[in-house]
Amino acid sequence: MSHDLHPGQRDPDLVPLAPVALVLGVVMVVTALAVVVEIPRLTSDYGIMVVAAGVLYLVGAGSLMHWGIDQLRNRSDQA
30 MSHDLHPGQR
40 DPDLVPLAPV
50 ALVLGVVMVV
60 TALAVVVEIP
70 RLTSDYGIMV
80 VAAGVLYLVG
90 AGSLMHWGID
100 QLRNRSDQA
């Protein structure tokens with residue numbers, strides 16, 4: 030399915046996924062906060078790449094939350 034969207038427009042087919050993305054992002058952040066006490070042990074076992082993986086994980090969670098909030102905000106603007 031191909032839509033000709035301008036940069037400011039949102040794909041209406043993806044709007045129902047916004048609450049799911051927002052909840053998933055929040056769950057990912059809460060999970061990361063619960064595991065943060067294990068980072069020193071994991072770093073001593075596996076090296077500094079654990080920190081890099083954690084940062085990438087949090088970037089993904091933040092991106093999901095940002096996208097979900099943006100979609101929900103645009104949906105309310107269009108209504």
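So that you can map any letter, position 57 of the sequence shown is 86 in our numbering, and since no number is skipped, the others follow by simple counting.
Every residue gets a Cβ at the ideal spot worked out from N, C-alpha and C, and that includes glycine.
*Which of helix, strand or coil does DSSP assign to L18?*
There is no way to answer for residue 18, as the model of the chain reaches only from 30 to 108.
*Tell me whether L93 is buried or exposed, calling it buried when 16 or more other Cβ atoms sit within 10 Å of its Cβ.*
Burial call: buried.
*By Cβ distance, which residues of its chain are closer than 6 Å to L101, with the 5 residues on each side in sequence left out?*
So the list reads A47, once near-sequence residues are dropped.
*Cβ atoms of V79 and L87: under 8 Å apart, would you say?*
No; because the gap between Cβ atoms is not below 8 Å, this pair is not in contact.
_Beta-carbon gap between A50 and A90 smaller than 8 Å_ = Not in contact: A50 and A90 (Cβ atoms no closer than 8 Å).
*asked:* Tell me the DSSP secondary structure of P109 in three-state form.
replied: Since the first residue of the chain shown is 30 and the last is 108, residue 109 is not available in this structure.
_Please return the same chain residues whose Cβ sits closer than 6 Å to the Cβ of V58, not counting the five positions on each side in sequence._
Apart from the 5 residues on each side of it in sequence, V58 sits with its Cβ closer than 6 Å to the Cβ of A90 in its chain, given in chain order.
_Quick check on DSSP: helix, strand or coil for R102?_
Three-state DSSP puts R102 in a helix.
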